[in-house]
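Worksheet for the structure shown next.
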Amino acid sequence: MRTLKDALSFGDLPVYERIGFILFIIFCLIFPWILKGGFAQAVMIQFLIFCLYGLGWNLIGGYGGQVALGQAKNVGMSAYTVALLMVRWDIPFWVSTPLGVVVATVESFVLGYFLFRLRGHYFAIATIAVSLVWQQLFINWDFIGGARGLELPLKETPNFLYMQFDSPIYYHYFAFLLVMAAILYMNWCRKSKLGYQLRAITSSEDLAESLGINAHWVKVKAYCITGVFAGMGGAFYTMYYNYIDPFSVMHLELSIMIALMTMIGGAGSMWGPIIGAMILIPLDRYLGAWLGGRGIIGVDFMIYSMMVMVISAYEPKGIWGIVEKARGKR
Amino acid sequence: MALLEVIDLTKDFGGVAANNHISLEIKKGEIIGLIGPNGAGKTTLFNCVVGYHRPDQGTIRFKGKDITGLKPFQTNREGIGRTFQIMSISGDLTVLENVMIGSFCRTSDSQTARQGASEVLNLLELEKDANAYLTELTVATQKRVGLAMALATGPELLMLDEVAAGLNPKETEEMVALLHTIYKTKDLTLFVTEHVMEVVMPISQRIIVLDGGQKIAEGRPQDIANNERVIKAYLGEKYVKGRKDRGSI
Numbered sequence: 012m013r014t015l016k017d018a019l020s021f022g023d024l025p026v027y028e029r030i031g032f033i034l035f036i037i038f039c040l041i042f043p044w045i046l047k048g049g050f051a052q053a054v055m056i057q058f059l060i061f062c063l064y065g066l067g068w069n070l071i072g073g074y075g076g077q078v079a080l081g082q083a084k085n086v087g088m089s090a091y092t093v094a095l096l097m098v099r100w101d102i103p104f105w106v107s108t109p110l111g112v113v114v115a116t117v118e119s120f121v122l123g124y125f126l127f128r129l130r131g132h133y134f135a136i137a138t139i140a141v142s143l144v145w146q147q148l149f150i151n152w153d154f155i156g157g158a159r160g161l162e163l164p165l166k167e168t169p170n171f172l173y174m175q176f177d178s179p180i181y182y183h184y185f186a187f188l189l190v191m192a193a194i195l196y197m198n199w200c201r202k203s204k205l206g207y208q209l210r211a212i213t214s215s216e217d218l219a220e221s222l223g224i225n226a227h228w229v230k231v232k233a234y235c236i237t238g239v240f241a242g243m244g245g246a247f248y249t250m251y252y253n254y255i256d257p258f259s260v261m262h263l264e265l266s267i268m269i270a271l272m273t274m275i276g277g278a279g280s281m282w283g284p285i286i287g288a289m290i291l292i293p294l295d296r297y298l299g300a301w302l303g304g305r306g307i308i309g310v311d312f313m314i315y316s317m318m319v320m321v322i323s324a325y326e327p328k329g330i331w332g333i334v335e336k337a338r339g340k341r
Numbered sequence: 560m561a562l563l564e565v566i567d568l569t570k571d572f573g574g575v576a577a578n579n580h581i582s583l584e585i586k587k588g589e590i591i592g593l594i595g596p597n598g599a600g601k602t603t604l605f606n607c608v609v610g611y612h613r614p615d616q617g618t619i620r621f622k623g624k625d626i627t628g629l630k631p632f633q634t635n636r637e638g639i640g641r642t643f644q645i646m647s648i649s650g651d652l653t654v655l656e657n658v659m660i661g662s663f664c665r666t667s668d669s670q671t672a673r674q675g676a677s678e679v680l681n682l683l684e685l686e687k688d689a690n691a692y693l694t695e696l697t698v699a700t701q702k703r704v705g706l707a708m709a710l711a712t713g714p715e716l717l718m719l720d721e722v723a724a725g726l727n728p729k730e731t732e733e734m735v736a737l738l739h740t741i742y743k744t745k746d747l748t749l750f751v752t753e754h755v756m757e758v759v760m761p762i763s764q765r766i767i768v769l770d771g772g773q774k775i776a777e778g779r780p781q782d783i784a785n786n787e788r789v790i791k792a793y794l795g796e797k798y799v800k801g802r803k804d805r806g807s808i
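The structure is reproduced here in structure tokens:
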């Protein structure tokens with residue numbers, strides 16, 4: 012009961028943050044009715060998916076301070092489970108998604124259990140190495156489509172069971188619901204035992220241990236929860252695009268994008284991942300489309316990386332850090 | 560029965576014997592001071608008891624239970640709290656939230672943890688700083704917060720590592736008074752390592768002296784202050800000789 016109250020209560024946040032949150036909700040709710048363009052809606056849904064990834068990553072990467080660069084493999088595990096179950100055995104989305112999330116979580120647990128013996132940069136490198144190995148395995152494994160990927164068979168009529176709709180609006184609202192659930196969970200989490208313990212570990216693991224915190228176990232727990240978020244996102248991704256391959260869902264670039272986005276927005280803060288996604292995703296997609304369409308290939312990456320560099324050099328705590336500074340919090 | 564028993568503890572780092580066959584006993588309700596010159600092995604002994612180091616040899620018992628080789632979070636759950644010489648607490652959290660991390664050790668409920676933390680803050684006269692951030696506070700107050708965090712975990716034995724390091728004489732005095740208050744109200748056993756004699760001498764009921772990894776003396780503060788080996792360890796052989804020649808011993 013108190014858990015629910017904690018999750019739903021934003022009372023401890025300053026007024027302008029609450030207003031911002033309400034504006035965000037309204038914006039997401041009316042978006043499909045004001046911008047009807049297919050491209051805009053596709054970008055919006057991508058933004059929501061990345062919000063979900065980022066909110067999850069923020070737990071281990073932001074609150075926990077562990078630079079885990081392997082989220083793509085969790086996304087991929089779940090996405091492939093969902094796709095494979097449907098392609099081979101025609102199992103509907105609502106059955107395969109929980110299974111996909113379980114696969115991603117179990118993988119996170121096993122990996123986290125061993126990798127968290129490492130600290131700092133060594134941990135980051137190990138997560139990169141493992142996700143590269145997974146990607147190679149998936150590229151060369153014919154049973155799951157190899158490098159060609161998996162294409163989901165389309166149903167003749169829109170089908171709720173398989174999450175196949177004729178309009179992106181349905182996907183938009185479903186993604187929005189997932190993001191809202193993620194935000195509420197994070198809102199609860201930052202006030203919970205786990206949230207505080209993770210922040211203690213970020214500042215000093217030795218100090219945390221002296222306060223009775225089993226740092227290894229807490230990190231593994233947080234890593235698993237991050238896996239759940241990634242798994243949810245992966246399952247949704249599959250149903251939205253109806254096509255996955257190892258380059259779209261298992262790629263290191265995706266892992267880095269998730270981490271980068273959260274850091275730019277402000278790791279370890281409630282709204283950081285959302286702000287990061289709000290800036291980077293549209294920037295990336297629109298710049299790519301605009302400049303790429305004019306034959307100027309590569310300039311979009313330059314502008315994009317320039318922005319990332321400027322922000323991170325100016326304020327290590329990201330955009331949220333700039334906001335806090337302006338507010339005079341520290 | 561002794562609260563903490565250290566039996567024949569040995570810990571090497573490479574070729575250096577940081578702790579060499581040390582044995583000691585602490586009874587419930589005592590205040591024990593641990594002193595010694597730099598590199599005597601005080602912090603190593605602390606770390607072995609708390610669990611940051613695994614002893615090469617010897618046994619550590621707490622309340623009769625063998626805790627040798629347990630991890631720090633496990634010894635903490637047994638009832639051993641410790642403070643650090645250098646505070647490295649998160650600047651993102653307020654004082655109250657930092658102390659809450661400590662009280663989460665005994666509960667999972669955030670309301671209970673908040674309550675426990677407030678009580679500790681009241682005891683340490685920190686209630687006015689409850690919503691301040693760590694970086695805004697003076698060193699003396701930060702040290703108090705460190706003490707509060709350790710206290711919030713509800714220890715029976717509190718191990719204090721250099722609580723007075725970096726404090727001025729007035730702040731040191733306040734710290735000593737504070738330790739007295741905690742000791743009385745919380746029914747604690749204190750194990751204090753300290754460079755500043757003004758802290759150790761007045762509060763300790765018994766003092767243990769280490770030098771070069773070995774226990775060289777143990778006894779009441781006034782005896783320790785006049786112990787020749789202790790003076791030698793601190794001030795060198797020449798000083799003792801000079802004192803003898805002048806006839807002051």
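Chains as they are written, first to last, in the working numbering: chain L, 12 to 341; chain U, 560 to 808. C-beta atoms are modelled at their ideal positions from N, C-alpha and C, and glycine is treated no differently. Note that this is a predicted model, so its numbers are computed, not measured.
Can you pull the chain U neighbours of residue i, defined as C-beta to C-beta under 7 Å?
i                      : result
residue 207 of chain L : 656, 659, 660 and 663
residue 222 of chain L : 635, 660, 661, 664, 708 and 712
residue 279 of chain L : 651
Is there at least one Cβ from chain L nearer than 8 Å to residue i's Cβ?
i                      : result
residue 652 of chain U : yes
residue 708 of chain U : yes
residue 630 of chain U : yes
residue 704 of chain U : no
residue 609 of chain U : yes
residue 669 of chain U : yes
Using a Cβ-Cβ distance cut-off of 8 Å, determine whether residue i contacts chain U.
i                      : result
residue 18 of chain L  : no
residue 225 of chain L : yes
residue 23 of chain L  : no
residue 156 of chain L : no
residue 94 of chain L  : no
residue 101 of chain L : no
residue 210 of chain L : yes
residue 204 of chain L : yes
Note down, in chain order, each residue of its chain lying with its Cβ closer than 7 Å to the Cβ of residue i, except the 5 sequence neighbours on either side.
i                      : result
residue 95 of chain L  : 155 and 161
residue 295 of chain L : 315
residue 319 of chain L : 271 and 275
residue 273 of chain L : 65, 68, 69, 72, 73, 283, 284 and 287
residue 570 of chain U : 577, 578, 603, 607, 612, 614 and 615
residue 588 of chain U : 748
Please list the partners that residue i has in chain L, where partner means a Cβ-to-Cβ separation under 7 Å.
i                      : result
residue 750 of chain U : The premise fails here: residue 750 of chain U is roughly 14 Å from chain L at the closest Cβ pair, so nothing lies under 7 Å.
Does residue i pass the burial test, meaning 16 or more other C-beta atoms within 10 Å, or should it be called exposed?
i                      : result
residue 721 of chain U : buried
residue 68 of chain L  : buried
residue 87 of chain L  : buried
residue 676 of chain U : buried
residue 667 of chain U : exposed
residue 741 of chain U : buried
residue 808 of chain U : Note that residue 808 of chain U scores 48 on pLDDT, short of 50, meaning its location in the model is unreliable and no value can be drawn from it.
residue 15 of chain L  : exposed
residue 29 of chain L  : exposed
residue 138 of chain L : buried
residue 165 of chain L : exposed
residue 701 of chain U : buried
residue 262 of chain L : buried
Suppose the cutoff is 8 Å on Cβ atoms and the five residues either side in sequence are ignored; what does the same chain contact list for residue i look like?
i                      : result
residue 637 of chain U : 621, 622, 624, 626 and 629
Which residues of chain L have a Cβ atom closer than 8 Å to the Cβ of residue i, listed in chain order?
i                      : result
residue 614 of chain U : Ordered by position in chain L, no residue passes the 8 Å Cβ test against residue 614 of chain U, which lies about 17 Å from the chain.
If the cut is a Cβ gap below 9 Å, which residues of chain L does residue i touch?
i                      : result
residue 641 of chain U : 221
Starting from the C-beta of residue i, find all residues in its chain whose C-beta is less than 6 Å away, skip the five residues before and the five after it, and write them out in chain order.
i                      : result
residue 238 of chain L : 85, 115, 116 and 119
residue 26 of chain L  : none
residue 752 of chain U : 593, 601 and 720
Can you name the residues of chain U whose CB is closer than 9 Å to the CB of residue i?
i                      : result
residue 232 of chain L : Those within 9 Å of residue 232 of chain L in chain U number zero; the least Cβ separation is about 13 Å.
residue 217 of chain L : 611, 631, 643 and 647
>> Which complete beta strand (DSSP E) runs does the region 136-199 of chain L hold, if anything under 3 residues is left out?
In response: none
> Taking the runs of the beta strand (DSSP E) that are 3 residues or longer, which of them lie wholly in the region 574-612 of chain U?
Replying inline: 575-586 and 590-594
> Of all the beta strand (DSSP E) runs that stay within the bounds of the region 682-727 of chain U, which reach a length of 3 or more residues?
Replying inline: 716-720
> Can you give, in chain order, each stretch of the alpha helix (DSSP H) that sits fully within the region 726-803 of chain U and has at least 4 residues?
Replying inline: 728-745, 756-762, 780-784 and 787-794
> Which residue spans inside the region 45-119 of chain L form an unbroken alpha helix (DSSP H) run of at least 4?
Replying inline: 49-68 and 82-100
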